[in-house]
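Novice: To start, I am sharing the structure in question, which I have written as structure tokens.
2 protein chains.
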Amino acid sequence: MELRHLRYFVAVAEELSFRRAAERINVTQPSLSEQVRQLEGEIGARLLERDTHHVSLTAAGRSFLESCRRVLREVEDGTRMANRIARGEAGRLSIGFVASLGHALLPAVLRAYREKFPDVELQLHELDTTQQIDALNAHQLDIGFIGLGLPTQEITDLQLDTLREEPLVAVLPKGHALLRHAERAESEPGANDRSRRRIEMLPLSALAKERFLLGARHNAPVYNPWLIVLCQQAGFQPHIVQEAGQPVTVLNYVAAGLGVTILPAQFSRLYSVGLRFIPLAPPVPKYRYCAAWSPQNTHSALVHFRETAQIVAKRMK
Amino acid sequence: MELRHLRYFVAVAEELSFRRAAERINVTQPSLSEQVRQLEGEIGARLLERDTHHVSLTAAGRSFLESCRRVLREVEDGTRMANRIARGEAGRLSIGFVASLGHALLPAVLRAYREKFPDVELQLHELDTTQQIDALNAHQLDIGFIGLGLPTQEITDLQLDTLREEPLVAVLPKGHALLRHAERAESEPGANDRSRRRIEMLPLSALAKERFLLGARHNAPVYNPWLIVLCQQAGFQPHIVQEAGQPVTVLNYVAAGLGVTILPAQFSRLYSVGLRFIPLAPPVPKYRYCAAWSPQNTHSALVHFRETAQIVAKRMK
DNA sequence: TACTGTGATAGGCGAAACCTATCACCGGCG
DNA sequence: CGCCGGTGATAGGTTTCGCCTATCACAGTA
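Printed below as a string of structure tokens:
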């Protein structure tokens, strides 16, 4: 049985005439009769009652006609859907992202993409960088928004688009010894600009004797080790007194005077009561936010999504 | 696009190998490759990603695979269903019946039929005889259980199975003049059988001077006119004082002494307080209950249903 | 009775689905 | 490192079968 049989039968059932049906589907009447006969033989049931001047559906024919319509509709819909998916106009995208991108960049990208491709379903998964890399390699994720230290940590078999580079800043509690001049400048209205500017940059090595507070390792499995390496390159082994909690929690601890930390600059916008964010002196270490994807992934929607992400990221720079 | 393409594609998608798939569906690998290529061309989308050592589904392919499965399942189910309908093992039967058959015969027939053909849906419609005849001719009904006078009223284009013949009986109120001997016999314990048997039959003509109560004409559009003809053949024009209500209502009126009526014998079982049912003398007019159907109706379930109805009716005789 | 229109039948043609044989490619094994 | 086994793609010949034309048998109509 082939779709041809179904199409022919539907035509006859609708026209209730072999000749008219044959004309409609651009086939001669004998061909049509033969195909319908074949169909009936294969089903093992008479579908049409015909005498020399009348064609009518049998009960089996009525039932089968409905099946045929469903089948033909499904074929058509399935074809159109596959085509749209291939064009990236429909389908589903699995998107991973680190929490720190969930507030500004990601929503903007999603909004822009949805506007262009409203029929692509977006599935979001908040995951840390290493989880995303695993998921991308396992093809459970189509694209991942991740954070990486510079220079590039090697990521096997994945492609990267850099969306944004953030300089790292030192985070100190208000009144910290390293801020003396600045604090005084603020509290003394007569202080000149020079006295404030003096500590607008800190070499990383200035933090050598400080107590470091870092986020929980499972939240930052890439970031924390990278930070330690940076400190080592600056000539000291950081004294890490705590490695726990969300970034916001760490900021609270810093504000409480328990120690210092180092974060990408964007966190200065997040929460600043009792805190001072001081840019690091050159060579300024930079944290990179990237879109990562598997080159094996041929999903067309992915291409459009990546383009959108790059455009939006550039606009927000 | 033909079902062949879908079947081939499903095989490849399931085996993820052209050779294995080709073997499974008894085709050579080049044919299979060609057909899949055609399918992709027609859809306008790559469904399978192939390199020399690996076949995998694209996003479009995954979607289309699901469509294919639905289509093939629907084709199979539709075929099986049509076949079963043609065998009379499934489908739907529209059944009409007059109210007076709804109590005993019809339920017995339905029960027996359902037992043999549980997958045939039975749609019941309580309609009078003429409505059923119209519905049968309009093919809105597959079979009708109707009541007919004897000799056969001509019913164009319909076939009839006689299920049961019922003699007509006169229905009189207790104490009616025509019952004198019987009433006395009942009230006198010493009465012999002869005195009771004397009025166990009434010639129809004995009712010539009686007031007739008939059921509403819209309930008995065949029965009432037929009864009038019978009276005329017995030599009198019946004096009809009322033509209204259900049979039960008419019986109540008779019991109240408003007149007499004539009904098929089965009603004597229905309701008898204050009533006497007296068989009519030969030639006993008989009312026929029939199954009626259109010979144009080729529905196989109908054949089985008719057979069941005849068997059950014979058993209940 | 001739005519028109129906679906069924007969026989030939051609497209296309299929086959066999082979190629190019690559991963794995000795 | 080179051979082998297995992959999908390609080339070209064969056969199937879906299609066509021509015609029939039948019935309802003018």
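Protein sequences appear in the order of chains C and B. Using this note's numbering, you'd call the opening residue of the first sequence number 293 and step up by one each time. Using this note's numbering, you'd call the opening residue of the second sequence number 293 and step up by one each time. Glycine included, each C-beta is placed from N, C-alpha and C at the ideal position.
Taking B:F301 as the query, report the chain C residues whose CB atoms sit under 7 Å from its CB, ordered along the chain.
Specialist: Position 9 of the second sequence holds residue 301 of chain B. What B:F301 touches in chain C: nothing, since even the nearest Cβ is about 10 Å away.
Novice: Per DSSP, what are the beta-bridge partners of C:V363 in this structure?
Specialist: Reading the first sequence from its first residue, position 71 is the one you call residue 363 of chain C. None; C:V363 has no bridge partner.
Novice: Runs of 4 residues minimum, wholly inside the stretch 367-455 of chain C: which ones carry the alpha helix (DSSP H) assignment?
Specialist: 397-408 and 421-429
Novice: Which one of C:S309, C:F389, C:V302 and C:G353 has the shortest CA to CA distance from C:L364?
Specialist: Mapped onto the first sequence, residue 364 of chain C falls at position 72. For C:L364, the nearest C-alpha among the options comes from C:V302.
Novice: At 7 Å on the CB atoms, spell out the chain C contacts of B:E341, in chain order.
Specialist: Residue mapping note: residue 341 of chain B aligns to position 49 of the second sequence, counting from 1. T590, listed in chain order.
Novice: Give a yes or no on whether the minimum CB-CB distance between B:L416 and chain C is below 9 Å.
Specialist: Here residue 416 of chain B corresponds to residue number 124 of the second sequence, with the count starting at 1. Under the Cβ criterion of 9 Å, B:L416 is not counted among the residues facing chain C.
Novice: Between which two residues does the alpha helix (DSSP H) containing B:P539 stretch?
Specialist: Taking the second sequence and counting its residues from 1, one reaches residue 539 of chain B at position 247. P539 to A547 is the span of the alpha helix (DSSP H), which, as asked, contains B:P539.
Novice: Here's the rule: buried if 16 or more other CB atoms are within 10 angstroms of the residue's CB, otherwise exposed. What is B:E502?
Specialist: Sequence index remark: in the second sequence, residue 502 of chain B carries index 210 (1-based). Answer is buried; the Cβ neighbour count reaches 16.
Novice: In chain order, what residues of the same chain lie with their CB nearer than 6 Å to the CB of B:V604, ignoring the 5 residues before and after it?
Specialist: To locate residue 604 of chain B, count along the second sequence from 1; it is residue 312. Hits under 6 Å: A400, V401 and A404.
Novice: Alpha carbon to alpha carbon, how far is B:D343 from C:A498?
Specialist: Position 51 of the second sequence, counted from the first residue, corresponds to residue 343 of chain B. Position 206 of the first sequence, counted from the first residue, corresponds to residue 498 of chain C. Between B:D343 and C:A498, the alpha-carbon positions lie close to 56 Å from each other.
Novice: State yes or no: is the C-beta of B:G388 within less than 9 Å of the C-beta of B:I435?
Specialist: For the purposes of this step, residue 388 of chain B is taken as residue 96 along the second sequence, with counting starting at 1. For the purposes of this step, residue 435 of chain B is taken as residue 143 along the second sequence, with counting starting at 1. Yes, Cβ-Cβ distance for B:G388 and B:I435 is below 9 Å.
Novice: Which of the three DSSP states is assigned to B:P556 in this structure?
Specialist: Walking along the second sequence from the start, residue 556 of chain B turns up at place 264. Reduced to three states, the DSSP call for B:P556 is strand.
Novice: Quick check: the Cα distance between C:P575 and C:V521, rounded to an integer number of angstroms?
Specialist: As a position in the first sequence, residue 575 of chain C is number 283, starting the count at 1. As a position in the first sequence, residue 521 of chain C is number 229, starting the count at 1. Roughly 14 Å between the two C-alpha positions.
Novice: For B:A536 versus B:G507, is the C-beta spacing smaller than 9 Å?
Specialist: As a working mapping, residue 536 of chain B is identified with position 244 in the second sequence. As a working mapping, residue 507 of chain B is identified with position 215 in the second sequence. In this structure, B:G507 lies closer than 9 Å to B:A536 by Cβ.
Novice: Per the contact definition of three or more C-beta pairs closer than 8 Å, is the stretch 586-604 of chain C in contact with the stretch 303-323 of chain B?
Specialist: no
Novice: Look at the Cβ atom of C:A462, then the Cβ atom of C:L572, and state whether they are nearer than 9 Å.
Specialist: For the purposes of this step, residue 462 of chain C is taken as residue 170 along the first sequence, with counting starting at 1. For the purposes of this step, residue 572 of chain C is taken as residue 280 along the first sequence, with counting starting at 1. For C:A462 and C:L572, yes; Cβs fall inside 9 Å.
Novice: Is there contact between the stretch 451-467 of chain C and the stretch 549-558 of chain C, where contact requires at least three CB pairs shorter than 8 Å?
Specialist: yes
Novice: Excluding the 5 residues preceding and the 5 following B:E306 in the sequence, name in chain order all residues of the same chain whose CB lies nearer than 6 Å to its CB.
Specialist: One-based indexing of the second sequence puts residue 306 of chain B at position 14. Correct list: empty, nothing qualifies.
Novice: Could you pull the DSSP bridge partners for C:Y581 from this structure?
Specialist: Here the question's residue 581 of chain C lines up with position 289 in the first sequence. Bridge partners of C:Y581: C:G439 and C:R456.
Novice: Tell me which residue opens and which closes the alpha helix (DSSP H) that C:Q588 is part of.
Specialist: For this step, residue 588 of chain C is matched to residue 296 along the first sequence. Looking at the DSSP string, C:Q588 is not in any alpha helix (DSSP H), and its letter there is neither H nor E.
Novice: For C:A352, I'd like the list of residues in its chain whose CB is within less than 8 Å of its CB, leaving aside the five on either flank, ordered along the chain.
Specialist: Counting from 1 along the first sequence, the entry for residue 352 of chain C is found at position 60. Only I335, A337, R338 and L339 meet the Cβ criterion.
Novice: Note down the Cα distance separating C:H591 from C:A378, rounded to an integer number of angstroms.
Specialist: Indexing the first sequence from 1 puts residue 591 of chain C at position 299. Indexing the first sequence from 1 puts residue 378 of chain C at position 86. Cα to Cα, C:H591 sits roughly 7 Å from C:A378.
Novice: What would DSSP say about B:V533, mapped onto helix, strand or coil?
Specialist: If you number the second sequence from 1, residue 533 of chain B lands on position 241. Looking at B:V533 - three-state DSSP - the assignment turns out to be strand.
Novice: Counting pairs of Cβ atoms below 8 Å between the stretch 409-427 of chain B and the stretch 538-546 of chain B, do you hit three or more?
Specialist: Taking 8 Å as the limit for Cβ pairs, the verdict is that the stretch 538-546 of chain B does not touch the stretch 409-427 of chain B.
Novice: May I have the straight-line CA-CA distance separating B:H531 from C:R354, to the nearest angstrom?
Specialist: Position 239 of the second sequence, counting from 1, holds the residue named residue 531 of chain B. Position 62 of the first sequence, counting from 1, holds the residue named residue 354 of chain C. Each residue's Cα considered, the two are about 52 Å apart.
Novice: Under a CB-based cut-off of 9 Å, is B:D369 close to chain C?
Specialist: As a position in the second sequence, residue 369 of chain B is number 77, starting the count at 1. Closer than 9 Å to some Cβ of chain C, the Cβ of B:D369 qualifies, so yes.
Novice: Using only the alpha-carbon positions, how far apart do B:P288 and B:E458 sit?
Specialist: Outside the shown range of chain B, which is 293 to 609, sits residue 288 of chain B, and nothing can be said about it.
Novice: From the beta carbon of C:S355, is the nearest beta carbon of chain B less than 9 Å away?
Specialist: As a first step, residue 355 of chain C is located in the first sequence; it is residue number 63 there, counting from the start. Closer than 9 Å to some Cβ of chain B, the Cβ of C:S355 qualifies, so yes.
Novice: Report yes if the CB atom of C:G439 is closer than 9 Å to the CB atom of C:Y579, and no otherwise.
Specialist: Translated into the one-based positions of the first sequence, residue 439 of chain C becomes position 147. Translated into the one-based positions of the first sequence, residue 579 of chain C becomes position 287. For C:G439 and C:Y579, yes; Cβs fall inside 9 Å.
Novice: Flag B:N318 as yes if its beta-carbon sits less than 9 Å from any beta-carbon of chain C, otherwise no.
Specialist: Within the second sequence, numbered from 1, the residue matching residue 318 of chain B stands at position 26. No - not a single Cβ of chain C is within 9 Å of the one on B:N318.
Novice: Between C:Q432, C:H297 and C:S348, which has its C-alpha nearest C:E326's C-alpha?
Specialist: As a working mapping, residue 326 of chain C is identified with position 34 in the first sequence. It is C:H297 whose Cα lies nearest to the Cα of C:E326.
Novice: If we cut at 9 Å on Cβ distances, does C:M293 have a partner in chain B?
Specialist: Residue mapping note: residue 293 of chain C aligns to position 1 of the first sequence, counting from 1. For C:M293, the answer is yes, since a Cβ of chain B falls inside 9 Å of its Cβ.
Novice: Which of the three DSSP states is assigned to B:P571 in this structure?
Specialist: Numbered from its first residue, the second sequence carries residue 571 of chain B at position 279. Correct three-state label for B:P571: strand.
Novice: Assuming B:V390 and B:F437 form a contact by the criterion Cβ under 8 Å, report the distance between their Cβ atoms to the nearest whole angstrom.
Specialist: Working through the second sequence from its first residue, we reach residue 390 of chain B at position 98. Working through the second sequence from its first residue, we reach residue 437 of chain B at position 145. Yes, they are in contact, since the Cβ atoms of B:V390 and B:F437 sit about 6 Å apart, within 8 Å.
Novice: Would B:S392 and B:Q525 qualify as a contact pair, given that the criterion is a beta-carbon distance under 9 Å?
Specialist: Your numbering for residue 392 of chain B matches position 100 in the second sequence. Your numbering for residue 525 of chain B matches position 233 in the second sequence. No, they are not a contact pair.
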